[in-house]
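> Have a look at the structure that comes next, please.
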Amino acid sequence: MRFALVLLTTCVLLGCSTPDQFIASPKIVAQDRTASGFASIEVTEISLPAYAAREEIAATQDGVLVLSDTLWADDPTRSMTLSLARHLSELTGARVASEPWPFEGFAQARVEVRVEDLIVDGPALRLSGQYFVVDLDGLGRDHAHQFDLSTPLADTSAPAVARARAQALLALATEIAKDGL
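Heads up, the sequence shown is in the working numbering, so the first residue is 7 and it goes up one at a time.
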């Protein structure tokens, strides 16, 4: 009897739960072109703060980080790394790939991004941190730059956050291409 009651309760709870909702970042294509001093570029996995690497989409409310019930459709680290590599390829025309380098030989440069903040705060999404461009040919063209980008939000819904994150990554790729490559 007790087993039947537990089974019935479990079935009722499972039947009442809401299905997971996933949101993918929209693909935005870079329209600008920037010459690069490197013919091939490897992009390392983007380093994200723990809250930004979670599968739940996060926002801030009254200065407190709040996780939503909506999940990213892909692992944020993987998704952002692939987007950055795609944007750098579109912007520079160079052969760009995320690590591990899939081509024979070695890339001429490596781009490493360390994100300090990726926060929805009020009417904007803020992306800040530091990026490094390493000259793998040893010609002394290494760079380290800070970045602090803000992308306006239409609202704080998951689709608006996804679009703002995609736009922020394009802005970051544009900055890296112009100032670092």
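Every residue gets a Cβ at the ideal spot worked out from N, C-alpha and C, and that includes glycine.
Determine the direct distance from the alpha carbon of valine 121 to that of alanine 103, and round the result to whole angstroms.
Numbered from 1 along the sequence shown, position 97 holds the residue referred to as residue 103. Numbered from 1 along the sequence shown, position 115 holds the residue referred to as residue 121. Between the C-alpha atoms of alanine 103 and valine 121 there is a straight-line separation of about 19 Å.
> I'd like to confirm the pairing. Which residues does DSSP put opposite leucine 155 in its beta bridges?
Reading the sequence shown from its first residue, position 149 is the one you call residue 155. BP columns for leucine 155 point to Leu133.
> Would threonine 98 and alanine 183 qualify as a contact pair, given that the criterion is a beta-carbon distance under 8 Å?
The sequence position of residue 98 within the sequence shown is 92, counting from 1. The sequence position of residue 183 within the sequence shown is 177, counting from 1. Yes.
> Select from Asp154, Ala150, Phe28 and Ile47 the residue whose C-alpha is nearest the C-alpha of alanine 113.
Mapped onto the sequence shown, residue 113 falls at position 107. With distances taken between Cα atoms, alanine 113 lies closest to Ile47.
> At which residues does the alpha helix (DSSP H) containing serine 31 begin and terminate?
The residue given as residue 31 occupies position 25 in the sequence shown. Looking at the DSSP string, serine 31 is not in any alpha helix (DSSP H), and its letter there is neither H nor E.
> Determine whether the beta carbon atoms of leucine 175 and methionine 86 lie at a separation below 8 Å.
Position 169 of the sequence shown holds residue 175. Position 80 of the sequence shown holds residue 86. In contact: leucine 175 and methionine 86 (Cβ atoms closer than 8 Å).
> Should the stretch 51-63 be called in touch with the stretch 123-137, which here means at least 3 C-beta pairs below 8 Å?
yes
> Can you tell which of His151, Val117, Ala164 and Ser134 has its C-alpha closest to the C-alpha of leucine 142?
Reading the sequence shown from its first residue, position 136 is the one you call residue 142. Residue Val117 is the option with its Cα nearest to leucine 142.
> Tell me whether alanine 160 sits in a helix, a strand or coil according to DSSP, three-state version.
As a first step, residue 160 must be located in the sequence shown, where it is residue number 154. Coil.
> Using only CA atoms, which one of Gln173, Arg147 and Asp75 lies nearest to serine 163?
Taking the sequence shown and counting its residues from 1, the one referred to as residue 163 is at position 157. Minimum Cα distance to serine 163 is reached at Asp75.
> So, for leucine 88: in the same chain, excluding its five sequence neighbours on each side, which residues have a beta-carbon less than 8 Å away from its beta-carbon?
One-based indexing of the sequence shown puts residue 88 at position 82. Here the set comprises Ser104.
> Taking the C-alpha atoms as reference points, what is the distance between leucine 77 and glycine 146?
The residue you call residue 77 lines up with position 71 of the sequence shown. The residue you call residue 146 lines up with position 140 of the sequence shown. Approximately 42 Å between the Cα atoms of the pair.
> Determine the direct distance from the alpha carbon of leucine 133 to that of aspartate 154, and round the result to whole angstroms.
For the purposes of this step, residue 154 is taken as residue 148 along the sequence shown, with counting starting at 1. For the purposes of this step, residue 133 is taken as residue 127 along the sequence shown, with counting starting at 1. If you take the alpha carbons of aspartate 154 and leucine 133, they lie about 6 Å apart.
> Rounded to whole angstroms, what's the CA-CA distance from serine 31 to arginine 169? Just pull it up for me.
Start at 1 with the first residue of the sequence shown, and residue 31 comes out as number 25. Start at 1 with the first residue of the sequence shown, and residue 169 comes out as number 163. Whole-angstrom Cα-Cα distance: 6 Å.
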